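Shown next, in structure tokens, is the structure this report addresses.
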Amino acid sequence: MVLLDSIKVSGDVKDIKKEDIDMLCRQIRSLLIDVVTMNGGHLASNLGVVELTVALHRCFDLEKDYIIFDVGHQSYVHKILTGRKECLHTMGNINGLNCFPDEEESRYDAFNTGHASTSISAALGIEKAMRLNGSNGKVIAVIGDGALAGGMVYEALNNAKDLDSDILIILNDNEMSISKNVGAMSRYLSKLRLRPSYIDTNIKIKHLVEKLPGGGKGFIRFIQKTKRALKSFVGQKMFFEDLDIRYLGPIDGHDEQMLESMINKIKDIKGPKLLHVITTKGKGYEMAENDPVKFHGIKNSSSKRKKIPINPMYNELFGRILTDMANKDRNIVCVCPAMTAGSGLSDFSMIHKDRYFDVGICEQHAVTFAAGMARDGIKPVCVIYSSFMQRAYDQLLHDIGLTNKHVVLCVDRAGVTEAYGKTHQGIYDIAFLSSIPNMRILAPESKDDMKKLLHKAAYDIDGAVAIRYPYDEIHDDLKKLFIETATDSGISIYRKSNNKAILCYGRMVPIAVEAAEICDASIIKITDIYPLNYDSLYAILKSYQYIVCAEDVIYSGSVGQRLESWLYKNGKNELKLSCINIDENSDMKGRVEDILDKNLLSAQQLSKILNYEKT
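If you're matching positions, the sequence shown starts at -14 in this note's numbering and goes up one per residue.
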């Protein structure tokens, strides 16, 4: 019998015999490997939490208890155990399962997550609401060691005791190695502290000491200092205890029986508590264990390209150009929050070790850190994914924009991205960056654009500047189609028609070229997208009877919206302009091509719109 087949709804895993749990975990891993390697998604992180997730589901009642997964990369096992096994293969596809926890998808997904370091704050809020509503349910936050670097975590930890919280925090540590001696002692101390007799004795001693002259405060301080010194000596972490959060562990995160035993012992202890669990990313799949970075996020094997890519990806080209610039200019430094390989910065980080700063999953710190360096003549280039850049909005406004610090913000993964749903879409960056004082926004489309705009941002612009680019291949073969018309305005034209045109930039340029071939439209390409040179742009556009502005971002704050506003304010409403943008309420799962087509931004859809207008 396949044990997994017996799990239909939440709670069924509790009926599995203890002696069969290891077999169940092997079956879950097998399913994950089969589905994710074919369908795409997050593999290594989920393989690492199989036993932990099974233990949590066996120890808690999800009809009244809640598990919040930080980021949500590691939530697939949870989805399997809550009745979504048969749909797992649809993950990331249009109308399929979300790659992250989704409250609309299942009542067992307690909180929508996608970004790091949010789980403890959310858990505290959920628990407080439950208590106000008279519920005695329990709340568990599962957070990785990487996410623990985010400042929001410490704001939540600092508040946990004051809220009289009983939450359980699971620290899923899949990076740090702990020596055998220290680990053995830590496990021993944790087991000791969990004995009911220890907890009872601890309370009795405290009450006894309080009866000593002066409340026994001097003696208590002596004991506390001795306790801290001992724990420090044996490697026990005191930070959490200083925040009045009971620290337990570390324990083996792949020993399901130990996990169950430990969780059952601590779940009813009053006050906030943290269980430190050691796991291995990619556990049970040798290739993923050996290369957890490569197997963190896997592309859909059925994803199709019209041709084998012959040009580099935007991020790869960016990394090469920046490295070359840094070879010639020692004032150029690079700041990146934990996305070295993903942002094309592996070579830079090795060649310029003293000028590369990976600050961890700390986007807010990254931006202000860069602003601090910019104050004294250093040229910081701060590279952050679009969907993560929004986390540092206050720092962008307060520390860069208002003081006009010369920081080059490189916005990677701008526009629509594949498979991961709403939380990872780069469709908001133009909207929020264009609201930052003194900000300029550039968008390259070719190799020449990338090189020219990076140099422009570093040497020709004195203040805040952002360069946005998608996770896509650069179609450099298109550059011969465009004729530069205004050097300072960054406007180029590919002329095929005198009555209709597509206004676009970045990723949308090759799509527009394909559409233009179908319906004989001209293309107006821009690289300086904020602020727009309205006069130069209008001088070109006014010769066309109909213009479509195609952007893979939301309408609010877009080039099209700002152009429409300018036309209206300046009494130039004779220009017939239609804006095609991403509907932020649409299903943002699936291939980039599918999402664009659904939002009328494919070549076929754009050509239909232009041909319809012609008729």
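Each residue gets a CB set at the ideal place from its N, CA and C atoms; glycine is no exception.
These numbers were taken from a predicted model, which means no experiment stands behind them.
(message) Can you give me the C-alpha to C-alpha distance between VAL366 and CYS44, rounded to a whole angstrom?
(response) Counted from its first residue, the sequence shown places residue 366 at position 381. Counted from its first residue, the sequence shown places residue 44 at position 59. Each residue's Cα considered, the two are about 47 Å apart.
(message) Measuring only the C-alpha atoms, how far is TYR456 from THR325?
(response) For the purposes of this step, residue 456 is taken as the residue at position 471 of the sequence shown. For the purposes of this step, residue 325 is taken as the residue at position 340 of the sequence shown. So the alpha carbons of these two residues sit roughly 15 Å apart.
(message) If the criterion is Cβ atoms closer than 8 Å, does the pair VAL368 and LEU581 meet it?
(response) For the purposes of this step, residue 368 is taken as the residue at position 383 of the sequence shown. For the purposes of this step, residue 581 is taken as the residue at position 596 of the sequence shown. No, these two residues do not count as a Cβ contact at 8 Å.
(message) With H, G and I counted as helix, E and B as strand and the rest as coil, what does DSSP make of SER507?
(response) Taking the first residue of the sequence shown as position 1, residue 507 is located at position 522. In the structure shown, SER507 sits in a strand (DSSP, three-state: E or B).
(message) Could you give the first and the last residue of the continuous alpha helix (DSSP H) run that contains GLY357?
(response) The count along the sequence shown starts at 1 and reaches residue 357 at position 372. From DSSP, the alpha helix (DSSP H) with GLY357 extends over 348 to 359.
(request) Would you tell me roughly how many angstroms separate the C-alpha atoms of LEU17 and ILE155, rounded to the nearest one? (result) Indexing the sequence shown from 1 puts residue 17 at position 32. Indexing the sequence shown from 1 puts residue 155 at position 170. Rounded to the nearest angstrom, the two C-alpha atoms are 22 Å apart.
(request) Please say whether VAL393 and VAL450 have beta carbons closer to each other than 8 Å? (result) Counting from one through the sequence shown, the residue named residue 450 turns up at place 465. Counting from one through the sequence shown, the residue named residue 393 turns up at place 408. Yes, the Cβ-Cβ distance between VAL450 and VAL393 is below 8 Å.
(message) At the level of alpha carbons, what is the spacing between LEU109 and PRO257?
(response) Taking the sequence shown and counting its residues from 1, the one referred to as residue 109 is at position 124. Taking the sequence shown and counting its residues from 1, the one referred to as residue 257 is at position 272. Going by the C-alpha atoms only, they are around 10 Å apart.
(request) Reducing DSSP to helix, strand and coil, say where SER592 ends up. (result) Along the sequence shown, read from residue 1 onward, the residue named residue 592 stands at position 607. Helix.
(message) Going by beta-carbon coordinates alone, are ILE478 and ILE511 separated by less than 8 Å?
(response) Position 493 of the sequence shown, counted from the first residue, corresponds to residue 478. Position 526 of the sequence shown, counted from the first residue, corresponds to residue 511. The answer is no: Cβ separation not under 8 Å.
(message) So if DSSP puts ASP237 in a beta bridge, which residue, or which two residues, is it bridged to?
(response) Taking the sequence shown and counting its residues from 1, the one referred to as residue 237 is at position 252. ASP237 pairs with ILE263.
(request) Express the C-alpha separation of ILE446 and LYS313 in angstroms, rounding to a whole number. (result) One-based indexing of the sequence shown puts residue 313 at position 328. One-based indexing of the sequence shown puts residue 446 at position 461. Answer to the nearest angstrom: the Cα atoms are 19 Å apart.
(request) Select from LYS437, LYS583, TYR519 the residue whose C-alpha is nearest the C-alpha of TYR553. (result) Along the sequence shown, read from residue 1 onward, the residue named residue 553 stands at position 568. Taking only the C-alpha atoms, the option nearest TYR553 is TYR519.
(request) Can you give me the start and stop residues for the beta strand (DSSP E) that ASP513 sits inside? (result) Translated into positions along the sequence shown, residue 513 becomes position 528. From DSSP, the beta strand (DSSP E) with ASP513 extends over 513 to 515.
(request) Please go through the same chain and pick out, in chain order, the residues whose beta-carbon is closer than 6 Å to the beta-carbon of MET358, but skip the five residues on each side of it. (result) Position 373 of the sequence shown, counting from 1, holds the residue named residue 358. Same-chain partners within the cutoff: PRO365.
(request) Leaving aside the five residues before and after ILE13 along the sequence, list all residues of the same chain whose C-beta is less than 8 Å from its C-beta, in chain order. (result) The sequence position of residue 13 within the sequence shown is 28, counting from 1. So the qualifying residues of the chain are LEU(-11), VAL35, VAL39, VAL62, ILE65.
(message) I need the boundaries of the alpha helix (DSSP H) containing GLY256, first residue and last residue.
(response) Along the sequence shown, one-based indexing puts residue 256 at 271. No alpha helix (DSSP H) contains GLY256, which DSSP labels as neither H nor E.
(request) Thinking ILE531 and ASN484 are a contact (beta carbons under 8 Å), I'd like their distance in whole angstroms, please. (result) Reading the sequence shown from its first residue, position 546 is the one you call residue 531. Reading the sequence shown from its first residue, position 499 is the one you call residue 484. In the sequence as displayed, the identity of residue 531 is Tyr instead of Ile. With a Cβ gap of about 7 Å, TYR531 and ASN484 count as contacting.
(request) Please go through the same chain and pick out, in chain order, the residues whose beta-carbon is closer than 7 Å to the beta-carbon of LYS113, but skip the five residues on each side of it. (result) Within the sequence shown, numbered from 1, the residue matching residue 113 stands at position 128. So the qualifying residues of the chain are LEU148.
(message) Please list the terminal residues of the continuous alpha helix (DSSP H) segment that includes PHE373.
(response) One-based indexing of the sequence shown puts residue 373 at position 388. Run containing PHE373: 371 to 374, per the alpha helix (DSSP H) assignment.
(request) Count the other CB atoms, across all protein chains shown, that sit within 10 Å of the CB of PRO516; report buried if there are 16 or more and exposed otherwise. (result) Counting from one through the sequence shown, the residue named residue 516 turns up at place 531. Burial call: exposed.
(request) Please report the residue range of the beta strand (DSSP E) in which TYR413 lies. (result) As a working note, residue 413 is residue 428 in the sequence shown. Run containing TYR413: none; DSSP gives neither H nor E here.
(message) Is it the case that the segment 69 to 84 contacts the segment -3 to 12, given that we only count it when at least three CB pairs across the two stretches are under 8 Å?
(response) no
(request) Taking only the alpha-carbon atoms, compute the straight-line gap between ASN558 and SER550 and give it to the nearest angstrom. (result) Numbered from its first residue, the sequence shown carries residue 558 at position 573. Numbered from its first residue, the sequence shown carries residue 550 at position 565. Spanning the two alpha carbons is a distance of roughly 10 Å.
(request) Pull up the distance between the alpha-carbon of LYS601 and that of SER474, whole angstroms please. (result) Here the chain covers residues -14 to 600 and nothing more, so residue 601 does not appear.
(message) DSSP three-state label for ASN584, please.
(response) As a first step, residue 584 is located in the sequence shown; it is residue number 599 there, counting from the start. Coil at ASN584, not helix or strand.
(message) So, under 8 Å CB-CB, ARG492 and ASP434 are touching, yes? Tell me the CB distance rounded to an integer number of Å.
(response) Position 507 of the sequence shown holds residue 492. Position 449 of the sequence shown holds residue 434. Incorrect: roughly 12 Å between the Cβ atoms, too far for contact.
(request) State whether the segment 270 to 277 contacts the segment 404 to 411, with contact taken as three or more CB pairs (one from each stretch) at a distance under 8 Å. (result) no
(request) Go through its chain and collect everything with a Cβ distance to LEU142's Cβ below 7 Å, but skip five positions before and after it. (result) As a position in the sequence shown, residue 142 is number 157, starting the count at 1. So the qualifying residues of the chain are ILE105, LEU228, ILE230.
(request) Can you tell me which of the three DSSP states GLY68 falls into? (result) Residue numbering aside, residue 68 sits at position 83 when the sequence shown is read from its first letter. Residue state, collapsed to three classes: helix.
(message) What does the alpha-carbon distance come out to for the pair SER607 and ILE111?
(response) Because the chain in this structure spans residues -14 to 600, residue 607 falls outside the shown range and cannot be described.
(message) What does the alpha-carbon distance come out to for the pair LEU488 and CYS534?
(response) In the sequence shown, residue 488 corresponds to position 503, counting from 1. In the sequence shown, residue 534 corresponds to position 549, counting from 1. Cα-Cα distance, rounded: 5 Å.
(request) Tell me, please, which residues DSSP counts as bridged to ILE426. (result) Along the sequence shown, read from residue 1 onward, the residue named residue 426 stands at position 441. In the DSSP output, where bridge partners are listed per residue, ILE426 has ALA451, TYR515.
(message) Using the three-state DSSP reduction, which class does MET247 fall into: helix, strand or coil?
(response) Residue numbering aside, residue 247 sits at position 262 when the sequence shown is read from its first letter. In the structure shown, MET247 sits in a helix (DSSP, three-state: H, G or I).
(message) On the criterion of 16 or more Cβ atoms from any shown chain inside 10 Å, does GLY556 qualify as buried, or is it exposed?
(response) As a first step, residue 556 is located in the sequence shown; it is residue number 571 there, counting from the start. Looking at its Cβ environment, which holds fewer than 16 other Cβ atoms inside 10 Å, GLY556 is exposed.
(request) Would you mind working out which of ILE476, THR470, ASN566 sits nearest TYR540, comparing C-alpha positions? (result) In the sequence shown, the residue the question calls residue 540 occupies position 555. When only C-alpha atoms are compared, the closest one is ASN566.
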